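What follows is one structure encoded as structure tokens, with my remarks underneath.
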Amino acid sequence: DIQMTQSPASLSASLGETVTIECRASEDIYSNLAWYQQKPGNSPQLLIYDANSLADGVPSRFSGSGSGTQYSLKINSLQSEDVASYFCQQYNNYPNTFGAGTKLELK
Amino acid sequence: EVQLQESGPGLVKPSQSLSLTCSVTGYSITSNYWGWIRKFPGNKMEWMGYISYSGSTSYNPSLKSRISITRDTSKNQFFLQLNSVTTEDTATYYCARYGYGGPNWFAYWGQGTLVTVSS
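Top line first, the protein sequences correspond to chains Y and D.
The first sequence begins at 17 in this note's numbering and counts up by one.
The second sequence begins at 2 in this note's numbering and counts up by one.
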């Protein structure tokens, strides 16, 4: 199975700040990577697919980048509604695997 | 709008079978791919498997001997059965629809249902 190493596990940031979350795959996943946001008590919401494509309805302050084994999710100008957990998913190989998640809090 | 809703028992005894239903509205399950994912206490997520628009299935090898995903197209529902459960199967179970051209990313998710395995 492809291992997805996500960092950091938790993150504290101020409103308006830019934050970056990273996922590293144990082998090349050819940009077959998605990012999700999950707020407490809610289901995950797709943010980014194919490493850098913004899902419908997602604010443009979210962006994804990366290639090969290294990928990142960037949130520009952090808003209070961005407080959530974020996780990545690789779908290049079966079984699909997920990162362990990053909990984002406000400082 | 695509909506998914999981239903089923919230408590299952060890060694028994876990059975969940995913009811879909706003989109036919005879199109695209439909999956089951679970989130364990501690937040680890595991892809369990999918059923395709044609009824073909793919399962996580870690579950292959215990899992079955089926569907009822007349009711626009698909189902998860997991046999011989243990306490390690305690998790929140989600059904989801893949993105266009799937199986790839999960574009729509159900709200999730917590299943506790305990005697």
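We put the beta carbon where it would ideally sit given N, CA and C, even for glycine.
A quick note: this is a predicted structure, and the numbers were derived from the prediction, not measured.
- prompt: By Cβ distance, which residues of its chain are closer than 7 Å to Gly41/Y, with the 5 residues on each side in sequence left out?
  reply: The amino acid occupying residue 41/Y in the given sequence is Ala; Gly does not appear at that position. Ile18, Met20, Thr85 and Gln106.
field: Supposed close pair Thr71/D, Tyr54/D - CB separation, criterion 8 Å
entry: Not really, about 14 Å apart at Cβ, beyond 8 Å.
field: Against chain D: residues of the region 105-120 of chain Y by CB proximity under 8 Å
entry: The region 105-120 of chain Y vs chain D, Cβ under 8 Å: Gln105, Tyr107, Tyr110, Pro111, Asn112, Thr113, Phe114, Ala116 and Gly117.
task: Taking C-beta pairs closer than 8 Å, name the residues in chain Y that Asn77/D reaches, listed in chain order.
output: Neighbours of Asn77/D on chain Y: none; closest Cβ ~19 Å, over 8 Å.
field: Pro15/D to Tyr109/D span [Cα, whole Å]
entry: Approximately 31 Å between the Cα atoms of the pair.
query: Taking buried to mean at least 16 other C-beta atoms within 10 Å of its own C-beta, is Thr113/Y buried or exposed?
result: Counting the other Cβ atoms within 10 Å of the Cβ of Thr113/Y gives 16 or more, which makes it buried.
- prompt: Between the Cα of Asn33/D and the Cα atoms of Val116/D, Trp48/D and Gly102/D, which residue gives the shortest distance?
  reply: When each option's Cα is compared against that of Asn33/D, the closest is Gly102/D.
task: List the endpoints of the continuous beta strand (DSSP E) containing Asp44/Y.
output: According to the DSSP assignment, Asp44/Y belongs to no beta strand (DSSP E), since it is labelled neither H nor E.
message: Counting only Cβ pairs nearer than 9 Å, list the residues of chain Y close to Pro42/D.
response: Residues of chain Y passing the Cβ test: none, with the nearest at roughly 13 Å.
- prompt: Is the CB-CB distance between Thr36/D and Leu21/D below 8 Å?
  reply: Residue 36/D is actually Gly in this sequence, not Thr. Their beta carbons are not under 8 Å apart, which means Gly36/D does not touch Leu21/D by this criterion.
- request: Return the bridge partner residues of Trp37/D from the DSSP annotation.
  value: For Trp37/D, the beta-bridge partners assigned by DSSP are Gly50/D and Cys96/D.
- request: State the Cα-Cα distance for the pair Tyr110/Y and Phe79/D, rounded to the nearest angstrom.
  value: If I take the Cα positions, the gap works out to 21 Å.
Cβ neighbours of Leu12/D in the same chain (closer than 6 Å, five flanking residues each side left out): The answer, listed in chain order, is Thr117.
query: Which chain Y residues are close to Gln4/D, counting only those with a beta carbon under 8 Å from its beta carbon?
result: Chain Y residues near Gln4/D: none, gap ~11 Å exceeds 8 Å.
query: Grouping DSSP H, G and I as helix and E and B as strand, with all else coil, what is Glu121/Y?
result: Shown here, Glu121/Y sits in a strand according to DSSP, grouped into three states.
- prompt: Count the other CB atoms within 10 Å of the CB of Gly115/Y; is the residue buried (16 or more) or exposed (fewer)?
  reply: Buried, since its Cβ has 16 or more Cβ neighbours within 10 Å.
- request: Check whether the region 26-33 of chain Y touches the region 71-79 of chain Y, counting contact only when three or more Cβ pairs, one atom from each stretch, lie closer than 8 Å.
  value: With a cut-off of 8 Å, the region 71-79 of chain Y and the region 26-33 of chain Y do not count as touching, because too few Cβ pairs lie within range.
field: Under the three-state DSSP convention, the category Ser8/D falls into
entry: Ser8/D: strand per DSSP, three-state reduction.
CB of Ser88/Y within 8 Å of CB of Ile37/Y, strictly: Yes. Within cutoff.
- request: Measure the C-alpha to C-alpha separation of Phe107/D and Thr87/D and round it to an integer number of angstroms.
  value: Using only the alpha carbons, I get a separation of about 27 Å.
- request: Can you say whether Phe41/D is buried or exposed, counting buried as having 16 or more other CB atoms within 10 angstroms of its CB?
  value: Its Cβ having fewer than 16 others within 10 Å, Phe41/D is exposed.
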